[in-house]
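Visitor: Under the numbering used here, the first residue of the sequence shown carries the number 1, and numbering increases by one thereafter. Glycine included, C-beta positions come from ideal geometry on N, C-alpha and C.
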Amino acid sequence: MRHRSDFYKLKDMIPGANLDPQAVAILEDFDKYFEKFPTHPSVDMTTFLPRFKAWHPKMSDEKFNSFRAMLLNTVPAPDEDQRTNILAELSELELMTKLANLAEQFNQGDLADAYDAVNQTLDGFRQRTGRRATSYIDIPIGELLQDEFDDTGVSWRLDCLNRSMRRLRPGDFGIIAGRPDKGKTSFISSEITHMASQLPEDRNIVWLNNEGPGKRIKPRLYQSALNLSMTDMKERHTQGVLVDQYREAIGGRLDKIRIFDIHSFATGQVESILEDNNPGIIIYDMIDNIRGFGDAARTDLMLEQMYQWGRERSVKYDCIGFGTSQISNDGDGLQFPTLGMLKDSKTGKQGACDFQLMIGASNDVSLAGSRFISLPKNKLRRPDGASDPRAEVIFDGTRARYRDIELGS
Numbered sequence: 001m002r003h004r005s006d007f008y009k010l011k012d013m014i015p016g017a018n019l020d021p022q023a024v025a026i027l028e029d030f031d032k033y034f035e036k037f038p039t040h041p042s043v044d045m046t047t048f049l050p051r052f053k054a055w056h057p058k059m060s061d062e063k064f065n066s067f068r069a070m071l072l073n074t075v076p077a078p079d080e081d082q083r084t085n086i087l088a089e090l091s092e093l094e095l096m097t098k099l100a101n102l103a104e105q106f107n108q109g110d111l112a113d114a115y116d117a118v119n120q121t122l123d124g125f126r127q128r129t130g131r132r133a134t135s136y137i138d139i140p141i142g143e144l145l146q147d148e149f150d151d152t153g154v155s156w157r158l159d160c161l162n163r164s165m166r167r168l169r170p171g172d173f174g175i176i177a178g179r180p181d182k183g184k185t186s187f188i189s190s191e192i193t194h195m196a197s198q199l200p201e202d203r204n205i206v207w208l209n210n211e212g213p214g215k216r217i218k219p220r221l222y223q224s225a226l227n228l229s230m231t232d233m234k235e236r237h238t239q240g241v242l243v244d245q246y247r248e249a250i251g252g253r254l255d256k257i258r259i260f261d262i263h264s265f266a267t268g269q270v271e272s273i274l275e276d277n278n279p280g281i282i283i284y285d286m287i288d289n290i291r292g293f294g295d296a297a298r299t300d301l302m303l304e305q306m307y308q309w310g311r312e313r314s315v316k317y318d319c320i321g322f323g324t325s326q327i328s329n330d331g332d333g334l335q336f337p338t339l340g341m342l343k344d345s346k347t348g349k350q351g352a353c354d355f356q357l358m359i360g361a362s363n364d365v366s367l368a369g370s371r372f373i374s375l376p377k378n379k380l381r382r383p384d385g386a387s388d389p390r391a392e393v394i395f396d397g398t399r400a401r402y403r404d405i406e407l408g409s
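What follows is the structure, encoded as structure tokens:
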């Protein structure tokens, strides 16, 4: 801790309550020293000791001599084995202190999500002790350029989106927004049943449902995948072919798309689902209702934390993420709502995403079967295409499908 670089790495991980009072006092004064001598790479004892005496004018000579002996003992550097062992002991001491504090919070009823809190504490410990490897990005530039020109990734069913966006890849996170009861769930169903067969065999689509019973979503998946009405579905089921046709349409495995009801779940419970289901695509429907983000003073800041958390899951699990949101009342009846028309958020949610896809709907009864797709934010734009398609599409609610309007028709 006598060296500046080590001091600032370690000072926040050392629980003062577990140290001798003399050691705590010395570390506090090391902090003062580094502030007063910003160019010094380490504490020079000939400079430090007189100031230490001045900072504690009531200290007796006997006590000062005890401190002086301890301080002079820090001048020889520890060997590498000593250093490694000391750091390991400090890390373990910090870990157990934090876990004990969490247990106390839990007993007092002040811990909203015990699983998530413990998980984050263990993650920090693994990173500090090197038990979780973190490596720099060393992918050759040629491979990255080739990805761009090969247009690798997952495509949309709607070509109006494919013309404006490159294909989706792991790490991408977007918001899909619409007014209530205007076909947002059908849109997701239409798209992911197209995307499912494009994922690697062992990756799944995890639909985290926070709106209504999840069992209502499953029939829509069958409709979207096979372009069937409910009457058509019933007939094919009677014929004994429905399930096999659905399996083939989504990539050969019946459980490729997995729906989880997560009403009132907290972040730790959601995390455990993701850990167990190897997601290639995650749908958060809706992040706004997941618990565990109650620290923010304002609703917009809390929502920003929620959507940033969703984005981080896309990176952590190397997958694509979609967070759903509602368009605010300002966007009611608009074909192309603007960027700031997300419910409860003018900028917070938007800042956490790569793209914001708006499903607009007109209140004109003659346009009841039309929806209007726009991308007011699009960081995945194609270099040779329009950033925002602003396209009218057909919403076939009977078959839970969205279809492009053919150009020229």
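Out of curiosity, what's the CA-to-CA distance linking residue 47 and residue 122?
Guide: Translated into the one-based positions of the sequence shown, residue 47 becomes position 47. Translated into the one-based positions of the sequence shown, residue 122 becomes position 122. Answer to the nearest angstrom: the Cα atoms are 40 angstroms apart.
Visitor: Taking the alpha-carbon positions, what's the residue 410 to residue 191 distance?
Guide: Summary: the structure shown does not reach residue 410, with the chain confined to residues 1 through 409, and so no result is reported for it.
Visitor: If you compare alpha carbons, which of 360, 352, 170 is closest to residue 337?
Guide: For the purposes of this step, residue 337 is taken as the residue at position 337 of the sequence shown. Residue 337 has its Cα closest to that of 360, out of 360, 352, 170.
Visitor: Is residue 49 close to chain B, meaning its C-beta is less than 8 angstroms from at least one C-beta of that chain?
Guide: Absent from the structure is chain B; it holds one protein chain and no more.
Visitor: Given residue 200, which residues of its chain have a CB within under 8 angstroms of its CB, disregarding the five upstream and five downstream residues?
Guide: As a position in the sequence shown, residue 200 is number 200, starting the count at 1. The answer, listed in chain order, is 280.
Visitor: Tell me whether the beta-carbon of residue 207 lies closer than 8 angstroms to the beta-carbon of residue 327.
Guide: For the purposes of this step, residue 207 is taken as the residue at position 207 of the sequence shown. For the purposes of this step, residue 327 is taken as the residue at position 327 of the sequence shown. Taking 8 angstroms as the Cβ cut-off, residue 207 and residue 327 do not qualify as a contacting pair.
Visitor: Can you name, in chain order, every residue of its own chain whose Cβ lies under 7 angstroms from the Cβ of residue 105, other than the five neighbours on each side?
Guide: Locating residue 105 in the sequence shown gives position 105, counting from the first residue. Counting only Cβ-Cβ distances below 7 angstroms, and skipping sequence neighbours, we find 111.
Visitor: Should residue 399 go down as buried or exposed, given a rule of 16 or more other Cβ atoms within 10 Å for buried?
Guide: Counting from one through the sequence shown, the residue named residue 399 turns up at place 399. Looking at its Cβ environment, which holds 16 or more other Cβ atoms inside 10 Å, residue 399 is buried.
Visitor: Over what stretch of residues does the alpha helix (DSSP H) that includes residue 195 continue unbroken?
Guide: Along the sequence shown, one-based indexing puts residue 195 at 195. Note, residue 195: alpha helix (DSSP H), 184 to 195.
Visitor: Take every Cβ of the region 303 to 313, pair it with every Cβ of the region 226 to 240, and state whether three or more of those distances are shorter than 8 angstroms.
Guide: The region 303 to 313, when compared against the region 226 to 240, does not touch it at the 8 angstroms Cβ threshold.
Visitor: Beta carbon of residue 210, beta carbon of residue 285: below 8 angstroms?
Guide: As a first step, residue 210 is located in the sequence shown; it is residue number 210 there, counting from the start. As a first step, residue 285 is located in the sequence shown; it is residue number 285 there, counting from the start. The answer is yes: Cβ separation under 8 angstroms.
Visitor: Going by Cα to Cα distance, which pick from 368, 177, 385 is closest to residue 394?
Guide: Locating residue 394 in the sequence shown gives position 394, counting from the first residue. Ranking 368, 177, 385 by Cα distance to residue 394 puts 368 first.
Visitor: For residue 22, count neighbouring Cβ atoms within 10 angstroms of its own Cβ and tell me buried if that reaches 16, exposed if not.
Guide: As a position in the sequence shown, residue 22 is number 22, starting the count at 1. Residue 22 comes out exposed.
Visitor: Of the residues 276, 69, 35, 317, which one's Cα is nearest the Cα of residue 8?
Guide: If you number the sequence shown from 1, residue 8 lands on position 8. The shortest Cα separation from residue 8 among 276, 69, 35, 317 belongs to 35.
Visitor: Please report the Cβ distance between residue 124 and residue 354, rounded to the nearest whole angstrom; I am assuming they are in contact, meaning their Cβ atoms lie under 8 angstroms.
Guide: Residue mapping note: residue 124 aligns to position 124 of the sequence shown, counting from 1. Residue mapping note: residue 354 aligns to position 354 of the sequence shown, counting from 1. Going by Cβ atoms, the distance from residue 124 to residue 354 rounds to 27 angstroms, so no, they are not a contact pair.
Visitor: Would you mind stating whether residue 72 and residue 45 have Cβ atoms separated by less than 8 angstroms?
Guide: On the sequence shown, residue 72 is found 72 positions in, with the first residue counted as 1. On the sequence shown, residue 45 is found 45 positions in, with the first residue counted as 1. Cβ atoms of residue 72 and residue 45: closer than 8 angstroms.
Visitor: Are the Cβ atoms of residue 84 and residue 184 separated by less than 8 angstroms?
Guide: By 1-based counting over the sequence shown, the position of residue 84 is 84. By 1-based counting over the sequence shown, the position of residue 184 is 184. Going by C-beta atoms, residue 84 is not nearer than 8 angstroms to residue 184.
Visitor: Which whole-angstrom value is the C-beta distance of residue 147 and residue 268, which I expect to be below 8 angstroms?
Guide: Your numbering for residue 147 matches position 147 in the sequence shown. Your numbering for residue 268 matches position 268 in the sequence shown. 34 angstroms between Cβ atoms; not a contact.
Visitor: Does the pairing of the region 238 to 249 with the region 155 to 169 give three or more beta-carbon distances under 8 angstroms?
Guide: At 8 angstroms Cβ cutoff, the stretches do not touch.
Visitor: Have a look at residue 214 and residue 4 and give me their C-alpha separation to the nearest angstrom.
Guide: In the sequence shown, residue 214 corresponds to position 214, counting from 1. In the sequence shown, residue 4 corresponds to position 4, counting from 1. Spanning the two alpha carbons is a distance of roughly 55 angstroms.
Visitor: Excluding five sequence neighbours on each side, which residues of the same chain lie with their C-beta closer than 8 angstroms to the C-beta of residue 53?
Guide: As a first step, residue 53 must be located in the sequence shown, where it is residue number 53. 59, 64, listed in sequence order.
Visitor: State the CB to CB distance for the pair residue 403 and residue 396, rounded to an integer number of angstroms; the pair is presumed to be in contact (CB under 8 angstroms).
Guide: The residue given as residue 403 occupies position 403 in the sequence shown. The residue given as residue 396 occupies position 396 in the sequence shown. Rounded, the Cβ-Cβ distance is 6 angstroms, consistent with contact.
Visitor: Measuring CB to CB, does residue 88 end up less than 8 angstroms from residue 102?
Guide: To locate residue 88, count along the sequence shown from 1; it is residue 88. To locate residue 102, count along the sequence shown from 1; it is residue 102. For residue 88 and residue 102, no; Cβs fall outside 8 angstroms.
Visitor: Using DSSP's beta-bridge definition, name the partner residues of residue 392.
Guide: As a position in the sequence shown, residue 392 is number 392, starting the count at 1. In the DSSP output, where bridge partners are listed per residue, residue 392 has 372.
Visitor: Rounded to whole angstroms, what's the CA-CA distance from residue 330 to residue 356? Just pull it up for me.
Guide: Taking the first residue of the sequence shown as 1, we reach residue 330 at position 330. Taking the first residue of the sequence shown as 1, we reach residue 356 at position 356. Taking the straight line from one Cα to the other gives about 17 angstroms.
Visitor: Sorted by chain position, which residues of the same chain lie with C-beta nearer than 7 angstroms to residue 341's C-beta, five sequence neighbours on each side aside?
Guide: Against the sequence shown, residue 341 aligns to sequence position 341. Same-chain partners within the cutoff: 327, 328, 330, 331.
Visitor: Could you tell me how far apart the beta carbons of residue 11 and residue 31 are, in whole angstroms, since I believe they sit closer than 8 angstroms?
Guide: Residue 11 sits at position 11 when you count from the first residue of the sequence shown. Residue 31 sits at position 31 when you count from the first residue of the sequence shown. Yes, residue 11 and residue 31 are in contact; Cβ-Cβ is about 7 angstroms, under 8 angstroms.
Visitor: Specify, as a first and last residue, the run of the beta strand (DSSP E) that residue 173 falls within.
Guide: Residue 173 sits at position 173 when you count from the first residue of the sequence shown. 173 to 178 is the span of the beta strand (DSSP E), which, as asked, contains residue 173.
Visitor: Using DSSP bridges, identify the partner residues of residue 266.
Guide: Taking the sequence shown and counting its residues from 1, the one referred to as residue 266 is at position 266. 291, per the DSSP bridge assignment.
Visitor: Taking the alpha helix (DSSP H) that residue 22 belongs to, which residues open and close that run?
Guide: Mapped onto the sequence shown, residue 22 falls at position 22. Where residue 22 is concerned, the enclosing alpha helix (DSSP H) stretches over 21 to 36.
Visitor: On the DSSP letters alone, give me the boundaries of the alpha helix (DSSP H) that residue 86 sits inside.
Guide: By one-based count along the sequence shown, residue 86 stands at place 86. Run containing residue 86: 80 to 107, per the alpha helix (DSSP H) assignment.
Visitor: Can the beta-carbon of residue 380 be found less than 8 angstroms from the beta-carbon of residue 317?
Guide: By one-based count along the sequence shown, residue 380 stands at place 380. By one-based count along the sequence shown, residue 317 stands at place 317. No, these two residues do not count as a Cβ contact at 8 angstroms.
Visitor: So residue 189 packs on residue 217, CB below 8 angstroms; how close in whole Å?
Guide: On the sequence shown, position 189 is the one that residue 189 refers to. On the sequence shown, position 217 is the one that residue 217 refers to. Right, their Cβ atoms sit about 7 angstroms apart.
Visitor: Please classify residue 350 as buried or exposed, where buried requires at least 16 neighbouring CB atoms within 10 angstroms.
Guide: Translated into positions along the sequence shown, residue 350 becomes position 350. With 16 or more Cβ atoms within 10 Å of its Cβ, residue 350 is classed as buried.
Visitor: Quick check on the DSSP output: what are the complete beta strand (DSSP E) runs of length 3 or more inside the region 303 to 334, in order along the chain?
Guide: For the region 303 to 334, whole beta strand (DSSP E) runs of length 3 or above, ordered along the chain, are 320 to 326.
Visitor: Hey, how far is the Cα of residue 50 from the Cα of residue 90?
Guide: Residue 50 sits at position 50 when you count from the first residue of the sequence shown. Residue 90 sits at position 90 when you count from the first residue of the sequence shown. If you take the alpha carbons of residue 50 and residue 90, they lie about 29 angstroms apart.
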